[in-house]
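One structure below.
Chains as they are written, first to last, in the numbering used here: chain A, 17 to 331; chain B, 17 to 331.
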């Protein structure tokens with residue numbers, strides 16, 4: 017009997033149907049990773065933040081890790097690769113909630129919602145703001161993968177021109193134009209919105225420098241919904257202090273949680289979202305919707321699971 | 017020579033091209049309505065709030081009123097109809113900015129932007145909110161005209177099921193289903209979002225009662241972006257105090273500006289937008305884009321102008 021070890025506890029209304037659907041499997045649930053339970057398990061289901069290299073020494077049976085999250089940078093990649101353990105994640109799951117968060121932030125800024133909320137708090141009827149419009153603008157999406165493509169699809173519905181920048185420069189879905197990351201600098205001056213969805217890799221770490229921001233329009237909105245090490249925090253603070261761009265919306269940071277003494281807290285041309293733009297009250301339900309068909313395949317001896325990933329490459 | 021009287025002053029960069037394009041017309045500009053100037057004019061261009069019945073006695077030459085706004089309820093409708101003066105407005109102009117505002121408010125609530133802004137003000141990293149998702153929900157659009165249709169188009173891009181309610185029940189663009197206004201009550205329990213775009217007419221005044229809100233889901237968001245007299249303020253306050261619904265977003269009110277002592281200011285399950293969801297820094301530019309082709313037609317003797325309206329019917 018296959019043993020499946022969850023290092024978190026799903027809600028009862030999600031857990032029971034899972035148990036009922038797979039009576040041929042043995043499920044273990046825990047609130048944190050227990051080495052003994054791991055040692056008995058072929059399959060580990062984790063949010064990806066608890067597994068350490070030393071745990072793997074005891075995980076002799078482990079063959080598949082299902083990561084119920086997109087980020088895997090806290091996982092012991094090399095040790096996992098060496099053991100040839102299959103890793104899959106819930107890549108697609110973030111697509112819709114995250115796209116909705118990104119659009120919420122863009123539209124909120126364009127249609128002056130922060131101003132509306134502020135006036136309401138003061139109980140003042142005040143129209144002295146200048147809402148602008150999203151339609152007719154140009155968005156540059158750096159790293160247009162599954163989420164970036166979905167953002168592109170919605171932006172196009174709003175009559176926004178979309179430019180993608182990816183490694184290969186090959187055409188990406190819902191991008192009106194696509195260029196190589198190497199040609200990023202030439203695209204920056206065209207964009208009203210610059211959105212990064214890049215993962216954290218050797219290549220992307222501190223990839224954006226002050227020079228990149230100098231190339232952006234002074235009216236541009238910069239959004240980082242990929243990983244926080246894309247720009248050095250000091251660079252970003254300098255760019256915002258010097259008002260090189262109009263506004264930044266950040267969901268990710270070099271250090272998370274964002275330290276209480278970070279100068280970012282003191283700026284008024286930045287929106288600080290606490291890395292939860294992909295959160296959703298429907299998150300776990302959806303993770304299991306991805307896990308279950310994969311588990312069915314696994315139990316049938318198939319190994320071409322959905323969202324199988326290369327742990328060393330990072331995606 | 018045709019005399020065109022503007023009761024507002026366009027910016028120079030918009031005024032000069034207008035004068036240059038129509039050298040055969042005589043333009044008068046003023047910051048408020050002057051009876052003598054009106055008396056000389058065939059065409060009046062107004063935001064629709066300054067013309068009174070007594071002014072018409074002096075406006076012997078007046079044949080066309082171009083209203084650079086959507087609402088005409090402050091205009092002396094019967095006197096204008098009696099004189100057979102043609103009225104046209106800028107109906108289409110609000111479509112895009114207003115749709116963007118409506119989507120901004122919906123997404124902001126779903127993706128907890130007010131919470132994010134509040135935590136940022138407190139300089140706190142706090143994820144303790146439960147963002148929900150727009151996709152998969154159902155929206156009921158009461159009065160799906162030009163703006164409602166555009167909202168429907170975008171909502172459908174977000175995978176929202178759209179239900180329209182209009183007078184005739186005839187199929188409306190971007191509505192998955194359409195029903196008669198008479199059957200509104202049967203549709204209310206289905207909707208996660210209820211958006212009214214209705215104009216102010218005899219039929220729509222105080223049309224929504226507490227009973228209607230009792231039929232809505234307790235998780236529903238009610239949005240009024242049509243006219244404020246759709247619901248009595250006291251009814252609305254009662255509904256929100258009793259938490260019959262989750263949240264209301266209002267852009268219009270029975271009395272505008274909303275009085276400082278309105279109990280609406282004290283509620284925390286309502287967003288109060290000061291009737292400017294259609295505002296845009298591109299507003300006047302767009303009004304003139306509608307006015308100019310109509311003026312060209314007018315000078316050619318044509319009278320089938322864009323957005324010609326029935327002033328008695330109210331739209």
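Every residue gets a Cβ at the ideal spot worked out from N, C-alpha and C, and that includes glycine. Just so you know, these numbers come straight off a predicted model, no measurement behind them.
CB contact flag (residue i, residue j, <9 angstroms)
i	j	result
residue 55 of chain A	residue 77 of chain A	yes
residue 166 of chain A	residue 111 of chain A	yes
residue 10 of chain A	residue 133 of chain B	Residue 10 of chain A lies beyond the stretch modelled for chain A, which goes from 17 to 331, so this question has no answer here.
residue 335 of chain B	residue 61 of chain B	With chain B covering only 17 through 331, there is no way to say anything about residue 335 of chain B.
residue 304 of chain A	residue 35 of chain A	no
residue 69 of chain B	residue 92 of chain B	yes
residue 221 of chain A	residue 261 of chain A	no
residue 71 of chain B	residue 49 of chain B	yes
residue 168 of chain A	residue 145 of chain A	no
residue 147 of chain B	residue 297 of chain A	yes
residue 225 of chain A	residue 121 of chain A	no
residue 315 of chain A	residue 41 of chain A	yes
residue 247 of chain B	residue 280 of chain B	no
residue 128 of chain B	residue 150 of chain B	no
residue 88 of chain A	residue 59 of chain A	no
residue 94 of chain B	residue 274 of chain B	no
residue 217 of chain A	residue 331 of chain A	yes
residue 117 of chain A	residue 278 of chain A	no
Cutoff 9 angstroms: residue i Cβ touching any chain A Cβ
i	result
residue 236 of chain B	no
residue 89 of chain B	no
residue 336 of chain B	Residue numbering for chain B in the displayed model covers 17 to 331; residue 336 of chain B lies beyond these limits and cannot be assessed.
residue 281 of chain B	yes
residue 153 of chain B	no
residue 127 of chain B	yes
residue 184 of chain B	no
residue 249 of chain B	no
residue 233 of chain B	no
Those residues which DSSP pairs with residue i across a bridge
i	result
residue 177 of chain B	B:154
residue 4 of chain A	As displayed, chain A neither begins before 17 nor continues past 331, which places residue 4 of chain A out of reach and without an answer.
residue 212 of chain A	A:158, A:240
residue 194 of chain A	A:180
residue 105 of chain B	B:83
residue 148 of chain A	In the DSSP output, where bridge partners are listed per residue, residue 148 of chain A has none listed.
residue 22 of chain B	B:45, B:61
residue 263 of chain A	A:237
residue 324 of chain A	A:104
residue 288 of chain A	A:266
residue 247 of chain B	B:224
Proximity test, Cβ basis, 9 angstroms: residue i and chain B
i	result
residue 135 of chain A	yes
residue 297 of chain A	yes
residue 25 of chain A	no
residue 170 of chain A	yes
residue 112 of chain A	yes
residue 120 of chain A	yes
residue 11 of chain A	For chain A, the structure presents residues 17 to 331; residue 11 of chain A sits outside this window and is missing.
residue 335 of chain A	Lying before the first or after the last residue shown, residue 335 of chain A is absent from chain A, which here runs from 17 to 331.
residue 287 of chain A	yes
residue 175 of chain A	yes
residue 145 of chain A	yes
residue 163 of chain A	no
residue 85 of chain A	no
residue 47 of chain A	no
Spatial neighbours of residue i in its chain, beta-carbon cut-off 7 angstroms, leaving aside the 5 residues before and after
i	result
residue 242 of chain A	159, 212, 213, 214, 215, 268
residue 336 of chain A	Because chain A here runs from 17 to 331, residue 336 of chain A falls outside it and cannot be looked at.
residue 99 of chain A	72
residue 301 of chain B	30
Nonlocal neighbours in the same chain, by C-beta distance under 6 angstroms from residue i, ignoring five residues either side
i	result
residue 289 of chain B	267
residue 312 of chain A	none
residue 200 of chain A	181
residue 323 of chain A	104, 105, 107
residue 272 of chain B	291
residue 270 of chain B	244, 245, 249
residue 285 of chain B	256, 263
Contact set for residue i: own chain, Cβ-Cβ below 8 angstroms, skip 5 residues either direction
i	result
residue 141 of chain B	135
residue 210 of chain A	155, 156, 158, 204, 232, 236, 237, 238, 239
residue 172 of chain B	178, 190, 192
residue 25 of chain A	31, 45, 46, 47
residue 16 of chain B	The structure shown has nothing for residue 16 of chain B, since chain B only spans 17 to 331.
residue 170 of chain A	115, 119
residue 227 of chain B	201
CB contact below 9 angstroms: residue i versus chain E
i	result
residue 274 of chain A	Protein chains A and B are contained in the structure displayed, whereas chain E is not.
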